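For reference, the structure discussed in these notes is given below.
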Amino acid sequence: MPVVVVESPAKAKTIEKYLGGDYRVLASFGHVRDLPPKDGSVDPDHDFDMKWEVAADSKKHLKAIKDALKDDQSLILATDPDREGEAISWHLLEALAPALKKGSDVSRVTFNAITKAAVTEAMGKPRQIDQPLVDAYLARRALDYLVGFNLSPVLWRKLPGAKSAGRVQSVCLRLIVDREMEIEAFKPREYWSVHARLATPGGDEYDAALVLLAGKRLDRFDLATADQAAMAVSAVASRDLKVTSVVAKPATRNPWPPFMTSTLQQEASRKMGMGAKACMSAAQRLYEAGLITYMRTDGIDMAPEAVMAARDAIKAKFGDKYLPKSPRMYKNKAKNAQEAHECIRPTDMMLSPDKLKVSADDQRRLYDLIWKRTIASQMEAARMERTTVEIASPDNQVGLCATGQVMQFDGFLRVYDQGRDDDEGEDSARLPAISEGEAARLVPAAFEDELAKARDKGGDPVSVPAGQRGAPGLLTDERAAAAARQHFTQPPPRYTEATLVKRMEELGIGRPSTYASIVTTIQDRDYVRKDKNRLIPEDKGRLVTIFLLKYFPRYVSYDFTADLENELDEISAGDRLWREVLGRFWKDFSKALEGTSELRITEVLEAIDDALAPHLYPPRADGGDPRICPLCGQGRLNLKTARSGGAFIGCTNYPECRYTRPLSVPDGEEPVGDRILGEDAGDQISLKTGRFGPYVQRGEATEEQPKPPRASIPKGWDAAAIDLEKAVQLLSLPRPVGPHPEDGVLVEAGIGRFGPYVKHGSRYANIADVDEVFTIGMNRAVEVLAAKQTRGRATAAAPLREMGEHPDGGPIQVMNGRYGPYVKWGKVNATLPRDVTPEDITVEQALELIAAKAAKSPKKTAKKPAAKKATPKRAAPKKATGEKK
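According to the working numbering, the sequence shown is numbered sequentially starting from 8.
In structure tokens:
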């Protein structure tokens, strides 16, 4: 029977079900070959010859395919319908070539969805491997290798602590670093707005904003001070007001197009807090289960039959009024969009989320998002009425404006509305019935309410100057009819994974299949950290970016990277030759590499020091030179590298002056300068700042004592508030509590790597409060130790999942361990890969992990973990009698 090869066992299982017993479906488990991670894998001197190597884990998968081909030489390559899928098929064909006889039938099929109809149709339309797509893959793989394996060693030699650089990875990192430097250089600008609470003759209240003052239309920064704002409040409160215009206009909101890869990642981040990698992992599972179409795409068009199915679902679930007269058509406006595949949509429009049978919560939530977006994209537009009311004084010196809208038909909004990023505003509120020409009465409102509203919007209201209080209708501290709110311009927000992917897409950097891996890599390299869903560059990431901007500016240029992506796309279309593109790139890149060969580390640090000076040495409050050492007052501060990698700020008077501090401090904290706290027992006690934060030290380093006693400042303590008493307490740790009442062994209290603790012999027990370390008594210590001991005797943790019996006997379980979830079978413990969650792992994947782990540790599988059987007691050995047996 013909052999069909796909990437994953889950996909193989689904396709085999559709094809029946006429085909044998096997999994390659992804790529079977790759470039060895060593020099020479891509040879520019020999027309970019590439040396491929079969991965150790892939050898058994290739063997299984070769064994299957012994019975039937018909090979069908059915990997994913994109450039990467085409590359996997090409690698398979190259690796299987020795096993294929001359004249063997080899074909390639693709399908955008794993459904019976799509798979059956694809089998009827076989083709050959698309060589231009393979060439584009080869060019991309060679480029990434040449940049990574030539630029990363430069970083290692010239910038200690740096881990790697990448063609797209480094440009993505630059986006985050550039944004952070924008934020740091940002100077907020003050401005004020004035708002009034008005009422109609019928008593309905509404809010209006001041837009006209002294007959002039106000711009954003016209009210720049509190005094100007107070005068504007007075001008409003001292005048009669009348409605001069009421304009109501119909408006419509059209639905968003269906998802492509980037917009799916953005919405999953906004609405579910799901990172790009987790989003694609969940989408992969849904695709392999045949529930959605292929999830790596930049196309937003839908197949005609899918459009009609969506319209049928809308009519059945919501009625004719939610169905537009004609189907909606979408075209991608994003730069470099290829429209190679259909959008991401459900394969069965009638399968609503409430009917979905999926155990994993992330898959269920993501399907819900995809279904709603797809259905909404073909629904009727939302219709509303937007009203603008203008209010003015008779002398036209003061003018206010109120806006609102009324939803007349919800349309697609009944199902779905897209989430918003930071810079997107909210819809205006509903207005009461207002007639032109009616009086607009100022309504007194509790000042506290206005204060709360103002603070919610980032400012404080002000009252009329004291000299004007008491006049009719003016604002007072007790009762308010109008209020001014203080505002400051805000810096651009830090990127989230969603907004970063959006920006990369706008610039044409990366492609749908690369977004998730790029964003994950820069976090894994410790170049970027995620805090409250925001991406913040680490000092290491800043150093790498500045180094590349200084010595390799072209290769972290947004335009250059986007243009190179265009060339790769042209290779895919057959319009360029991949070796020519590589040749032009390598010619200039190798020259740039040669230009750094004579660089010394000191030169690199000086260049980075100058570039980062505004960040490293912010202006001092007293106006002094920020680069003068605060400890000795004579040396200058500059950038230094540590032996263990990374960098810090130190004094040029080293070793006479040992002042150091980290490159940056967490948000909201001030850098702590080194200072002497006093003396204790003849030793000088000082507060210092090192690469890992502030610490206290007893004495100074000498030849007899090169490492004087030190103690880190505990988390939660304000380093600026540390005094001599607290420093001596920290340096005295661990503190003896006394002998344990049961065995007399000393009990101690201290602060360790994992926080505050009490210790009895070799047993440790954590305590919650750092301050308790200095006060804890024996009764409390014994109680904490006993509680820890009781917990230690608890029964073994329950498994996260029971996966059934192993073919060789014994249960397979998914457990939660100290270093993350793992699969357990008997004595074999196999850690789950990062991209596989306990909920998603299949039995086939579990068996593969167990087999791979067992192969590395054969001793652990010598005895099968079958159910225990009662064994008879062994008889006592007989005494020797001299008889032969």
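We put the beta carbon where it would ideally sit given N, CA and C, even for glycine. Note that the structure is a prediction, hence the values are computed from the model and not measured.
8 Å CB neighbourhood of residue i in its chain, flanking five on each side removed
{"i": "Ala62", "result": "His38, Val39, Arg40 and Asp41"}
{"i": "Glu128", "result": "Phe118"}
{"i": "Gly47", "result": "Lys58"}
Exposure of residue i, with buried meaning 16 or more beta-carbon neighbours within 10 Å
{"i": "Asp87", "result": "buried"}
{"i": "Asn786", "result": "exposed"}
{"i": "Ile683", "result": "exposed"}
{"i": "Ala323", "result": "exposed"}
{"i": "Ala316", "result": "buried"}
{"i": "Phe761", "result": "exposed"}
{"i": "Ser366", "result": "exposed"}
{"i": "Ile758", "result": "buried"}
{"i": "Phe266", "result": "buried"}
{"i": "Glu605", "result": "exposed"}
{"i": "Lys362", "result": "exposed"}
{"i": "Ile307", "result": "buried"}
{"i": "Ala978", "result": "This structure does not reach residue 978, given that the chain is present from 8 up to 892, and the question cannot be answered."}
{"i": "Phe193", "result": "exposed"}
Candidates the options: closest to residue i by CA position
{"i": "Ala283", "options": "Leu153, Leu100, Asp369 and Ile608", "result": "Asp369"}
{"i": "Ala237", "options": "Arg492, Glu512 and Ile190", "result": "Arg492"}
{"i": "Leu254", "options": "Phe193, Ala120, Cys408 and Val184", "result": "Checking the sequence, you will find Val at residue 254 rather than Leu. Among Phe193, Ala120, Cys408 and Val184, the Cα nearest to that of Val254 is on Cys408."}
{"i": "Ala242", "options": "Leu293, Thr122 and Val405", "result": "Val405"}
{"i": "Arg427", "options": "Arg224, Ser276 and Phe55", "result": "Ser276"}
{"i": "Asp730", "options": "Arg665, Arg643, Met810 and Gln691", "result": "Gln691"}
{"i": "Thr521", "options": "Val508, Gln530 and Leu514", "result": "Val508"}
{"i": "Asp776", "options": "Gly784, Pro763 and Ala788", "result": "Pro763"}
{"i": "Pro907", "options": "Thr381, Thr394, Ala203 and Lys328", "result": "What the structure shows of the chain is the stretch from 8 to 892, and residue 907 is not part of that stretch, so it cannot be assessed."}
{"i": "Glu397", "options": "Arg224, Glu663, His98 and Ala858", "result": "Arg224"}
{"i": "Val789", "options": "Gly817, Met822 and Pro746", "result": "Pro746"}
Coarse secondary structure for residue i, derived from DSSP in three states
{"i": "Trp263", "result": "coil"}
{"i": "Lys539", "result": "coil"}
{"i": "Lys573", "result": "The sequence given here places Asn at residue 573; Lys does not occur at that position. In the structure shown, Asn573 sits in a helix (DSSP, three-state: H, G or I)."}
{"i": "Asn836", "result": "strand"}
{"i": "Ala289", "result": "helix"}
{"i": "Glu504", "result": "helix"}
{"i": "Gln425", "result": "coil"}
{"i": "Arg549", "result": "helix"}
{"i": "Leu166", "result": "coil"}
{"i": "Leu153", "result": "helix"}
{"i": "Leu438", "result": "coil"}
{"i": "Ser15", "result": "coil"}
{"i": "Gln704", "result": "strand"}
{"i": "Met302", "result": "coil"}
{"i": "His813", "result": "coil"}
{"i": "Asp142", "result": "helix"}
{"i": "Gly418", "result": "helix"}
Neighbourhood of residue i by C-beta, 6 Å cutoff - its chain only, sequence neighbours within 5 removed
{"i": "Lys18", "result": "Glu295"}
{"i": "Pro479", "result": "At Pro479 the pLDDT is 32, less than 50, meaning the model places this residue with poor confidence and gives no usable figure here."}
{"i": "Gly27", "result": "none"}
{"i": "Val551", "result": "Ala169"}
{"i": "Ile325", "result": "The displayed chain sequence assigns Phe, not Ile, to residue 325. Here the set comprises nothing."}
{"i": "Ser719", "result": "Tyr702"}
{"i": "Met281", "result": "Ala275"}
{"i": "Glu23", "result": "Val32"}
{"i": "Asp687", "result": "Val735"}
{"i": "Ser81", "result": "Pro9 and Asp112"}
{"i": "Tyr624", "result": "Pro633 and Arg634"}
Own chain, CB closer than 7 Å to residue i, minus 5 neighbours either side, in chain order
{"i": "Thr259", "result": "Ala388, Ala389 and Arg390"}
{"i": "Phe416", "result": "Ala389 and Arg390"}
{"i": "Pro743", "result": "Leu753 and Glu755"}
{"i": "Leu792", "result": "Val765, His767, Arg770 and Ala772"}
{"i": "Leu298", "result": "Pro353, Thr354 and Tyr374"}
{"i": "Lys537", "result": "Gln530"}
Any C-beta of chain D under 8 Å from that of residue i
{"i": "Glu128", "result": "The structure shown contains no chain D; it is built from a single protein chain."}
Near the ligand MN: residue i beta-carbon under 7 Å from a heavy atom
{"i": "Glu855", "result": "No copy of the ligand MN appears in this structure; indeed no ligand is present at all."}
Continuous alpha helix (DSSP H) assignments of at least 4 residues falling wholly in the segment 195 to 244
If only complete runs of 4 or more residues are kept, the segment 195 to 244 shows the alpha helix (DSSP H) at 233 to 244, in order along the chain.
Run through the segment 322 to 384 for me and flag every whole alpha helix (DSSP H) of 4 or more residues, listed as ranges in chain order.
Those alpha helix (DSSP H) runs which fall completely within the segment 322 to 384 and span 4+ residues are 368 to 384.
In chain order, which continuous runs of the beta strand (DSSP E) of length 3 or greater are located wholly inside the segment 76 to 105?
Listed in chain order, they are 81 to 84.
In chain order, which beta strand (DSSP E) runs of at least 3 residues are fully inside the segment 614 to 651?
With a minimum length of 3 residues, the continuous beta strand (DSSP E) runs that stay inside the segment 614 to 651 are 644 to 648.
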